[in-house]
Amino acid sequence: MNIVILQQAFEELKDAIAYYEEQQSGLGLKFKEEADQHINWILSNPTVPRLRKRSYRRVNLKVFPYYIAYIIRGETLWILAIAHGHRKPEYWINREKGIS
720 MNIVILQQAF EELKDAIAYY EEQQSGLGLK FKEEADQHIN WILSNPTVPR LRKRSYRRVN
780 LKVFPYYIAY IIRGETLWIL AIAHGHRKPE YWINREKGIS
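Here the working numbering is used: the first residue of the sequence shown is 720, the next is one more, and so on.
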């Protein structure tokens, strides 16, 4: 399976890493490592998380209050967002438009 991380999701990842690193040295790296672990888990188990409205799936990070939202189209897994779980719910939902 191929993976594509939308530019907006990549920017969210970078912003979260920078934020946590600013809070405490090394914490940004821990966030990145946890996100990477969950992305690898998603690649190995793409259909395990249940489908949510509008056919996206979501995996919550364990330590940080973030989740990874993604869709599967054919043989490609598209990461739509790496979003904070308590801010602006589903602000990213329209990102799937144009993905076939």
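By construction, the Cβ of each residue, glycine as well, lies at the ideal position given by its N, Cα and C atoms.
Exclusion of the five residues before and after phenylalanine 750 leaves Ala735, Ile736, Tyr739 and Phe783 as the residues of its chain whose Cβ lies within less than 7 Å of its Cβ. If you draw a straight line from the Cα of leucine 799 to the Cα of glutamine 726, it is about 9 Å long. Asparagine 764 sits in coil when the DSSP states are folded into three classes, being neither helix nor strand. Residue environment: tyrosine 810 is assigned as exposed (fewer than 16 neighbouring CB atoms within 10 Å of its CB, all protein chains considered). DSSP places isoleucine 787 in the uninterrupted beta strand (DSSP E) bounded by 785-792. Counting every other CB atom within 10 Å of its CB across the protein chains shown gives arginine 814 a total of 16 or more, marking it as buried.
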